[in-house]
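Chemist: Per this note's numbering, the sequence shown runs over residues 4 to 247.
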Amino acid sequence: MGFISHIKEEFQVIRERDPAIKTPLEVLLYPSFRVMIQYRRAHKLYEKGHFFLARWVSQRAARKTGIEIHPGAQIGKGLFIDHGSGVIIGETAIIGDNVTLYQGVTLGGTGKETGKRHPTLKNNVMVSAGAKILGSFTIGENSKIGAGSVVLEEVPPNCTVVGVPGRVVRKGNQKVPRSDMDQIHLPDPTLDDIHKLQQENDRLRSELQRMGYELNDIKEREAQCRRARALEAKERRQEEEREI
Numbered sequence: 004m005g006f007i008s009h010i011k012e013e014f015q016v017i018r019e020r021d022p023a024i025k026t027p028l029e030v031l032l033y034p035s036f037r038v039m040i041q042y043r044r045a046h047k048l049y050e051k052g053h054f055f056l057a058r059w060v061s062q063r064a065a066r067k068t069g070i071e072i073h074p075g076a077q078i079g080k081g082l083f084i085d086h087g088s089g090v091i092i093g094e095t096a097i098i099g100d101n102v103t104l105y106q107g108v109t110l111g112g113t114g115k116e117t118g119k120r121h122p123t124l125k126n127n128v129m130v131s132a133g134a135k136i137l138g139s140f141t142i143g144e145n146s147k148i149g150a151g152s153v154v155l156e157e158v159p160p161n162c163t164v165v166g167v168p169g170r171v172v173r174k175g176n177q178k179v180p181r182s183d184m185d186q187i188h189l190p191d192p193t194l195d196d197i198h199k200l201q202q203e204n205d206r207l208r209s210e211l212q213r214m215g216y217e218l219n220d221i222k223e224r225e226a227q228c229r230r231a232r233a234l235e236a237k238e239r240r241q242e243e244e245r246e247i
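(1) What first and last residue would you give for the beta strand (DSSP E) that runs through V165?
(2) Is the separation between the beta-carbon of G107 and that of A132 shorter than 8 Å?
(3) My guess is that T68 and I91 are in contact by the Cβ rule of under 8 Å, so how many angstroms apart are they, rounded?
(4) By DSSP, does I221 sit in helix, in strand, or in coil?
(5) Helix, strand or coil: how does DSSP classify T113 here?
(6) Can you tell which of V165, K174 and L207 has its C-alpha closest to the C-alpha of L194?
(7) Just confirm the distance between the C-beta atoms of V30 and I17, as a whole number of angstroms; I'd bet it's less than 8 Å.
(8) Based on the DSSP output, what are the partners of K47 in its beta bridges?
(9) Starting from the C-beta of Y42, find all residues in its chain whose C-beta is less than 6 Å away, skip the five residues before and the five after it, and write them out in chain order.
(10) Can you tell me where the beta strand (DSSP E) holding R63 begins and where it ends?
(11) Among the candidates R224, H121, G99 and L32, whose CA atom is the shortest distance from the CA of S146?
(12) Do V38 and I84 have their C-beta atoms within less than 8 Å of each other?
(13) Have a look at I24, K115 and E13 and flag the residue whose alpha-carbon is nearest the alpha-carbon of N101.
(14) DSSP has E244 in a bridge; who is on the other side?
(15) Look up I84 in the DSSP assignment and say whether it is helix, strand or coil.
(16) Exposed or buried, what is V167 when buried is set at 16 or more other beta-carbons lying within 10 Å of its beta-carbon?
(17) Nearest CA to the CA of L113: which residue from L124, V158, V153 and Y105?
(18) So, at 6 Å on beta carbons, what are the nonlocal neighbours of D196 in its own chain, with the 5 sequence-adjacent residues on each side left out?
(19) From which residue to which residue does the beta strand (DSSP E) around V171 run?
(20) Tell me whether T117 counts as near the ligand SAH, meaning its Cβ is closer than 7 Å to at least one heavy atom of that ligand.
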């Protein structure tokens, strides 16, 4: 694909994916547009072995946009980086088609190992604001990563992951639409755990209350028995006194 074709593609991707755009010229101001154009240039230089020039282009783009994409990363069609500030994409990261990344996302490695050390994102993946995906594993097609999640292991296709560390909270065979960018209505396993604890607390409170009632009954019966024994002993003493 030629350079002009890349420009047209990035222009169209942003217009389709961001409802905030009011005029076509606004696209030219988007960090995603600017950084992706520079990434395509840097990646070609990287593939030809011009590593210094490739890094110079990518670092210059990072300073201007706040988005750092290593020129060695492999990125498919239709990547949209919304807002973009603080996004980092590592050297061996692989990104499929129609992927959406929000601000603060990191596609990073772990340790100092060589070779493939960054994640692979399949087609139609959405990674919400502040999420970190660390390591050489795959995020399956149509999956969503919730805001602030830290993902450390492979995610199957059509899943929703949230939490620290990230865990799958929803699986489904239904494809996630490309336009589905809802970061609000995601499952919250922490809140679910809190609700379970509240339910358990209510159950224990009811159990303790029931046991309290039973204990009061036992105490009342014991008091009645003591009074009955005392009365019986008094009657015996009176009977003995009369006999004397």
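Even for Gly, the Cβ is constructed at its ideal location relative to N, Cα and C.
Modeler: From the atom records:
(1) Taking the sequence shown and counting its residues from 1, one reaches residue 165 at position 162. Taken as a continuous stretch (DSSP letters only), the beta strand (DSSP E) holding V165 covers C162 to V165.
(2) In the sequence shown, counting from the first residue as 1, residue 107 sits at position 104. In the sequence shown, counting from the first residue as 1, residue 132 sits at position 129. If you check the CB distance, G107 and A132 come in under 8 Å.
(3) Walking along the sequence shown from the start, residue 68 turns up at place 65. Walking along the sequence shown from the start, residue 91 turns up at place 88. Actually they do not touch by this definition, with Cβ atoms about 12 Å apart.
(4) Counting from 1 along the sequence shown, the entry for residue 221 is found at position 218. Here I221 sits in helix by DSSP.
(5) Taking the sequence shown and counting its residues from 1, the one referred to as residue 113 is at position 110. When DSSP states are grouped into helix, strand and coil, T113 belongs to the coil group.
(6) Counting from one through the sequence shown, the residue named residue 194 turns up at place 191. Checking every option, the nearest Cα to that of L194 belongs to V165.
(7) As a working mapping, residue 30 is identified with position 27 in the sequence shown. As a working mapping, residue 17 is identified with position 14 in the sequence shown. About 5 Å separates the two Cβ atoms, so the contact holds.
(8) Within the sequence shown, the letter at position 44 stands for residue 47. BP columns for K47 are empty, so no partner.
(9) As a working note, residue 42 is residue 39 in the sequence shown. Counting only Cβ-Cβ distances below 6 Å, and skipping sequence neighbours, we find I72.
(10) Here residue 63 refers to the residue found at position 60 of the sequence shown. First-last for R63: F54 to T68, but that is the alpha helix (DSSP H), not the beta strand (DSSP E).
(11) Counting from one through the sequence shown, the residue named residue 146 turns up at place 143. Per the Cα distances, G99.
(12) In the sequence shown, counting from the first residue as 1, residue 38 sits at position 35. In the sequence shown, counting from the first residue as 1, residue 84 sits at position 81. Yes, these two residues count as a Cβ contact at 8 Å.
(13) As a position in the sequence shown, residue 101 is number 98, starting the count at 1. Looking at the Cα atoms, E13 is the closest of the given residues.
(14) Reading the sequence shown from its first residue, position 241 is the one you call residue 244. Beta-bridge analysis with DSSP links E244 to no other residue.
(15) Working through the sequence shown from its first residue, we reach residue 84 at position 81. It is a strand residue.
(16) Residue numbering aside, residue 167 sits at position 164 when the sequence shown is read from its first letter. V167 should be labelled exposed.
(17) Position 110 of the sequence shown, counting from 1, holds the residue named residue 113. In the sequence under discussion, the amino acid at residue 113 is Thr, which differs from the Leu named in the question. Comparing Cα positions, the closest option is V153.
(18) As a working mapping, residue 196 is identified with position 193 in the sequence shown. Counting only Cβ-Cβ distances below 6 Å, and skipping sequence neighbours, we find nothing.
(19) For the purposes of this step, residue 171 is taken as the residue at position 168 of the sequence shown. Segment R170 to K174, the beta strand (DSSP E) holding V171.
(20) You won't find the ligand SAH in this model; it holds no ligand whatsoever.
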